[in-house]
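Protein chains: 2
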Amino acid sequence: MADLAAPDTAPDTAADAAVDPANWTCPAPLRDQPVVVMGHGGGGALSAELIEQVFAPAYGNPTLAALTDSAVCELGGARLAFSTDSYVVRPLFFPGGSLGDLAVNGTVNDLAMSGARPAFLSTAFVLEEGVELAVVERIARAVGAAAEAAGVLVATGDTKVVESGHGDGVYVTTAGIGLVPDGVDIRPQRARPGDAIIVSGPIGLHGVAVMSVREGLEFGVGITSDTAPLAGLVAAMLEVTKDIHVLRDPTRGGLGASLNEIARASGTGVRLRDRAVPVPEEVANACGFLGLDPLYVANEGRLVAFVPPEHAEAVLAAMRAHPQGTGAALIGECVADHPGMVVVATGLGGTRVVDLPLGEQLPRIC
Amino acid sequence: MADLAAPDTAPDTAADAAVDPANWTCPAPLRDQPVVVMGHGGGGALSAELIEQVFAPAYGNPTLAALTDSAVCELGGARLAFSTDSYVVRPLFFPGGSLGDLAVNGTVNDLAMSGARPAFLSTAFVLEEGVELAVVERIARAVGAAAEAAGVLVATGDTKVVESGHGDGVYVTTAGIGLVPDGVDIRPQRARPGDAIIVSGPIGLHGVAVMSVREGLEFGVGITSDTAPLAGLVAAMLEVTKDIHVLRDPTRGGLGASLNEIARASGTGVRLRDRAVPVPEEVANACGFLGLDPLYVANEGRLVAFVPPEHAEAVLAAMRAHPQGTGAALIGECVADHPGMVVVATGLGGTRVVDLPLGEQLPRIC
Numbered sequence: 001m002a003d004l005a006a007p008d009t010a011p012d013t014a015a016d017a018a019v020d021p022a023n024w025t026c027p028a029p030l031r032d033q034p035v036v037v038m039g040h041g042g043g044g045a046l047s048a049e050l051i052e053q054v055f056a057p058a059y060g061n062p063t064l065a066a067l068t069d070s071a072v073c074e075l076g077g078a079r080l081a082f083s084t085d086s087y088v089v090r091p092l093f094f095p096g097g098s099l100g101d102l103a104v105n106g107t108v109n110d111l112a113m114s115g116a117r118p119a120f121l122s123t124a125f126v127l128e129e130g131v132e133l134a135v136v137e138r139i140a141r142a143v144g145a146a147a148e149a150a151g152v153l154v155a156t157g158d159t160k161v162v163e164s165g166h167g168d169g170v171y172v173t174t175a176g177i178g179l180v181p182d183g184v185d186i187r188p189q190r191a192r193p194g195d196a197i198i199v200s201g202p203i204g205l206h207g208v209a210v211m212s213v214r215e216g217l218e219f220g221v222g223i224t225s226d227t228a229p230l231a232g233l234v235a236a237m238l239e240v241t242k243d244i245h246v247l248r249d250p251t252r253g254g255l256g257a258s259l260n261e262i263a264r265a266s267g268t269g270v271r272l273r274d275r276a277v278p279v280p281e282e283v284a285n286a287c288g289f290l291g292l293d294p295l296y297v298a299n300e301g302r303l304v305a306f307v308p309p310e311h312a313e314a315v316l317a318a319m320r321a322h323p324q325g326t327g328a329a330l331i332g333e334c335v336a337d338h339p340g341m342v343v344v345a346t347g348l349g350g351t352r353v354v355d356l357p358l359g360e361q362l363p364r365i366c
Numbered sequence: 001m002a003d004l005a006a007p008d009t010a011p012d013t014a015a016d017a018a019v020d021p022a023n024w025t026c027p028a029p030l031r032d033q034p035v036v037v038m039g040h041g042g043g044g045a046l047s048a049e050l051i052e053q054v055f056a057p058a059y060g061n062p063t064l065a066a067l068t069d070s071a072v073c074e075l076g077g078a079r080l081a082f083s084t085d086s087y088v089v090r091p092l093f094f095p096g097g098s099l100g101d102l103a104v105n106g107t108v109n110d111l112a113m114s115g116a117r118p119a120f121l122s123t124a125f126v127l128e129e130g131v132e133l134a135v136v137e138r139i140a141r142a143v144g145a146a147a148e149a150a151g152v153l154v155a156t157g158d159t160k161v162v163e164s165g166h167g168d169g170v171y172v173t174t175a176g177i178g179l180v181p182d183g184v185d186i187r188p189q190r191a192r193p194g195d196a197i198i199v200s201g202p203i204g205l206h207g208v209a210v211m212s213v214r215e216g217l218e219f220g221v222g223i224t225s226d227t228a229p230l231a232g233l234v235a236a237m238l239e240v241t242k243d244i245h246v247l248r249d250p251t252r253g254g255l256g257a258s259l260n261e262i263a264r265a266s267g268t269g270v271r272l273r274d275r276a277v278p279v280p281e282e283v284a285n286a287c288g289f290l291g292l293d294p295l296y297v298a299n300e301g302r303l304v305a306f307v308p309p310e311h312a313e314a315v316l317a318a319m320r321a322h323p324q325g326t327g328a329a330l331i332g333e334c335v336a337d338h339p340g341m342v343v344v345a346t347g348l349g350g351t352r353v354v355d356l357p358l359g360e361q362l363p364r365i366c
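Residue numbers (my numbering), protein chains in the order written: chain A, 1 to 366; chain Z, 1 to 366.
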């Protein structure tokens, strides 16, 4: 679990008590741990370490240190966005969606975050022997419906089966290709001091919806996942101006992780206004109950945008006029102070630092 | 296991004995079974049924009934090949290669089978909690080395972690994009009576190499997997003529499955010459020992080509001059007789039918 790796966790479990103190090393950020922990898949600091220390050197490709969202590749004269994600959400079906919706919307949104118009998807299923074909069909139908809603074609696919006990029903990996319009250059490095920071709607709904039905965590709340395709919203924003600097969909690790990544990639600071961040009351209540911070809860149908201040008002208006952006809000600004750091101005007049989370608060959220 | 679905298996297990005879239906081809069996991932008749009966209707895309190898998509004026595969091979390392090599070469080869020059790959890892980071690193390094050897760039990626007991160490899903040269149109539907059928080298090596180290099946043979990228070989063949009709890499289900799929897609027949098919002695011996047919054993560095007869000799010569084609052989021809059917002329003067296998002879071979 991700919290095995939490730096402020006291060693109070039986397993911890059995550790030989003479050979004990700090378990966080797990650089000396020889095994994979849940946090390596959480989209936070441990995920970043895995990329920087394992994948980027192995692939001999330092640009992969930015192995997030989509890559922009030139091929045959076209500027393509290319992205992939595996989806291992548990349970497979949750209020407002399913693994199939996530697998489409997540990859469509990764493409959209580089300004691309998503065009083609692939789906690769890893099925566990013994899973009901009706479950596979229900997920496949969700994929088909979500692809149609997002305006993309599932062009190719694969299916593998693993023995019972070596999977978890259904894992789906999607990859996607989209076309980046001329003149569009959207990436975390382009954040500039002065940029307005806009979020497209209330945060935390996906994470709380999944948690609400997670085994052992049932706490009936009447909220549903925000899973949705965002390419149409992005197209509407680009009609206002092509000079949008950064787009990001705050999935694993939530808004907190996304803003930290942008601050680090661009060498700027982020300053949020606490009360401007739209947190639905049910999300706030659930987070209070579970001891979670809404800033770190996953979203699957929201984006955060860094927009030059002269365009901020018009972009915000265009977002609010789009079905996926009715709840859009200006939540802060990009600053030259404290580069690489995200701070929140609290309602009491103070500030607090929002650090990059080590892992996901609850794993397998997407 | 795939053999649960074998049509000629007598109901002789305890589980079978417990079936109520009044409600019993034939377990093959499993249309009435409500659950996923290993054979659904085997690349044979059960895989085809899953695509035709579940995925194609769910995606509302009848062209997906041809959900194999790579799709050719038009985007931004470019003709792109796009492909994906999940890799779940067990064990992760085997004589001659690893999961990492397969994950690159398999997708590179799927792109090459439409004549494309592979350019970009994505990798998505699903890691099991507790797997050693050294294992992940070893696989990542194999991915990096194989990508360099194949001349492709790993452009984007993802990592998820699932709880211990819900995975099998490492699963990797790759997707790839390549550019299809002008004037090239390679697909199973283009097979024509008279086409020469050429295989690029000895068959069965990958499957036997993996089986040789599979738990419980150790039988020390000195052979290694044929895993290799084939895009260079295809480029050399296309230099002879762009009018190559069909290319296929006979992976899951082996040469037998690939030829059946081509015969069915094109409405032609395939006639092989038994003794012309290059089966290494060690593969023949291992298959005899295990009761397998080499025609159904997986390959990961071989292709089969359907070539107009006037170009056959020159294409064969070009293949033999390429490092990946030194063992190329003319193994038969495409005929107008028995459309959709593959037959082998035996050394004794008779013929036998090579049917589409139901599933993989041994699962999790790639």
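Backbone N, C-alpha and C fix where the C-beta goes; we use that ideal spot for every residue, glycine too.
Since we're looking at a predicted model, the values are computed, not measured.
Within the region 260-310 of chain Z, the complete beta strand (DSSP E) segments of 3 residues or longer fall at 269-273 and 304-307, listed in chain order. Chain Z places a beta carbon closer than 8 Å to that of I177(A), counting this residue as a contact. Rounded to whole angstroms, A321(A) and S225(A) show a C-alpha spacing of 21 Å. Here V315(Z) is near A305(Z), since their CB atoms are less than 8 Å apart. V342(Z) is not a Cβ neighbour of T351(Z), given a cutoff of 8 Å. Proximity of V162(Z) to chain A, defined by a Cβ-Cβ separation below 8 Å, is satisfied.
Distance from A112(A) to L230(A) at the Cβ level is roughly 5 Å; contact confirmed, criterion being Cβ atoms closer than 8 Å. For the region 28-52 of chain A, the set of positions with a beta-carbon nearer than 8 Å to some beta-carbon of chain Z reads Q33, P34, V35, V36, V37, M38, G39, H40, G41, G42, S47, L50 and I51 in chain order. Taking D195(A) as reference, the option from E163(A), R271(A) and R264(A) with the minimal CA-CA separation is R271(A). Under the rule that a run must span 3 or more residues, the beta strand (DSSP E) segments found entirely inside the region 52-108 of chain A read 71-75 and 78-87. The beta-carbon distance between S47(A) and T159(Z), rounded to whole angstroms, is 6 Å. This is short enough to meet the 8 Å contact definition. With its beta carbon at least 8 Å from every one in chain A, S98(Z) lies outside the interface. Considering only N61(A), L75(A), A56(A) and A134(A), the residue with the shortest C-alpha distance to L92(A) is A134(A). Inter-residue distance for A45(Z) and I262(Z) is about 14 Å (C-alpha atoms, whole angstroms). Contact of S70(Z) with chain A by beta-carbon distance below 8 Å involves T156. For F120(A), the C-beta contacts it makes with chain Z under 9 Å involve A71, C73, L75, L80 and F82, in order along the chain. Look at the region 132-145 of chain A: the residues with a C-beta under 8 Å from a C-beta of chain Z are E132, L133, A134, V136, E137, A140, R141, V143 and G144.
For the C-beta of T159(A), the chain Z residues within less than 7 Å are, from N- to C-terminus, H40, G41, S47 and L50. In the DSSP assignment, A231(A) falls within the alpha helix (DSSP H) that extends over A231 to V240.
For the pair of segments examined, the region 288-304 of chain Z was found to touch the region 99-113 of chain Z: the number of CB pairs separated by less than 8 Å reaches three.
In the structure shown, the three-state DSSP call for D158(Z) is strand. DSSP places S225(Z) outside both helix and strand once states are collapsed to three, so it counts as coil. Interface residue (Cβ-Cβ distance to chain A less than 8 Å): R364(Z) is classified as such.
With a threshold of 8 Å between beta carbons, L111(Z) makes no contact with chain A. When CB distances to chain A are screened at a threshold of 9 Å, not a single residue of the region 273-289 of chain Z falls below it.
P323(A) is classed as exposed because its beta carbon has fewer than 16 other beta carbons within 10 Å across all chains shown. Residue pairing for C334(Z): DSSP places it in a beta bridge opposite V270(Z).
Counting only the Cα atoms, G77(Z) lies some 40 Å from G169(A). When Cβ-Cβ separations below 8 Å define contact, Y296(Z) makes no contact with chain A. Within the DSSP bridge table, the entry for I197(Z) names F306(Z) and G332(Z) as partners. For L292(A), no Cβ of chain Z is located within less than 8 Å of the residue's own Cβ. Rounded to the nearest whole angstrom, the C-alpha separation of N61(A) and V154(Z) is 8 Å.
For the 8 Å CB-CB criterion, G43(Z) and A209(Z) do not form a contact. Among the residues facing chain Z, E313(A) is not included, as its CB has no counterpart in that chain under 8 Å away. Note that the C-beta distance between P294(A) and V279(A) is below 8 Å.
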